[in-house]
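In case it helps, full-length UniProt numbering puts the sequence shown at residues 1 to 168. Reading through the structure tokens given below for one structure.
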Amino acid sequence: MAPETLSRGEYTQASDIYSFGMIMLEVLTSYPPYYNVPHNINLVMDICKGRKPEIKCEIPRFFKEIMEKCWNFEPPNRPTAKELDYQLNSYSYDGEIRRQVKATNKSNKSFIQYDPNERHPEAIYTSRLIPKTTIPAYDTFNSRQNFLSIPDNIIVEDDETQETQEME
């Protein structure tokens, strides 16, 4: 799920694009996102802070760049469905991308495929509700800066002076 969906419950086209990037990851690597970590509130908080899944094996640079654009922390900076359609359709016509795919396939021949038994016991891949009450208020988009003022009339004493006065 996209950070804005986890933190504010916002389901938008941009959050769908984020999810599309996750689907690309699993299709291209055979590893589900965050397969090796517990799916708990800590993961939710980490995603809300910008954590992205680990890419376990070599994938063509073209697809990696698309996935990373889909996972952009800021929803307006993610590609639109139309932009993705254009980029992915260009794949079939671009010889460089085809070369990347062939090279990646060669390098991954010795790569061990995903073993479902390798996944973390608390990694849950079935749909479930995440109760809002368990998600602490964490809103990176509406954070504000606090300004503190320090009065000029504060007298600072060093530790020795303070200790001497306390002993008297």
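Yeah, the Cβ is synthetic: ideal placement off N, Cα and C, and Gly gets one too. Bear in mind that the values here come from a model prediction, so they are computed numbers and not experimental data.
DSSP three-state assignment for residue i, whether helix, strand or coil
i, result
"Val-37", "coil"
"Phe-63", "helix"
"Cys-70", "helix"
"Arg-98", "helix"
"Pro-53", "coil"
"Pro-76", "helix"
Range of the contiguous alpha helix (DSSP H) that encloses residue i
i, result
"Gly-21", "13 to 29"
"Pro-3", "3 to 8"
"Asn-89", "81 to 91"
CB of residue i within 8 angstroms of CB of residue j, strictly
i, j, result
"Lys-69", "Pro-60", "no"
"Tyr-34", "Pro-3", "no"
"Lys-56", "Thr-29", "yes"
Residue i versus the options, residue with shortest Cα-Cα distance
i, options, result
"Asp-32", "Phe-20, Asn-42, Ile-41", "One point to set straight first is that residue 32 is Pro, not Asp, in the sequence displayed. It is Phe-20."
"Arg-51", "Tyr-86, Glu-74, Ala-103, Ser-30", "Glu-74"
Pairwise C-alpha distance: residue j and residue i
i, j, result
"Met-45", "Ser-7", "8 angstroms"
"Ile-66", "Asn-36", "23 angstroms"
"Ala-103", "Glu-96", "11 angstroms"
"Pro-76", "Val-101", "29 angstroms"
"Cys-48", "Thr-5", "9 angstroms"
"Asn-42", "Val-27", "26 angstroms"
"His-39", "Glu-10", "20 angstroms"
"Phe-62", "Tyr-18", "17 angstroms"
"Trp-71", "Leu-84", "13 angstroms"
"Lys-82", "Glu-58", "27 angstroms"
"Ala-14", "Arg-99", "30 angstroms"
"Lys-64", "Tyr-86", "16 angstroms"
"Met-1", "Leu-88", "22 angstroms"
"Leu-25", "Asp-16", "14 angstroms"
"Lys-106", "Ser-90", "22 angstroms"
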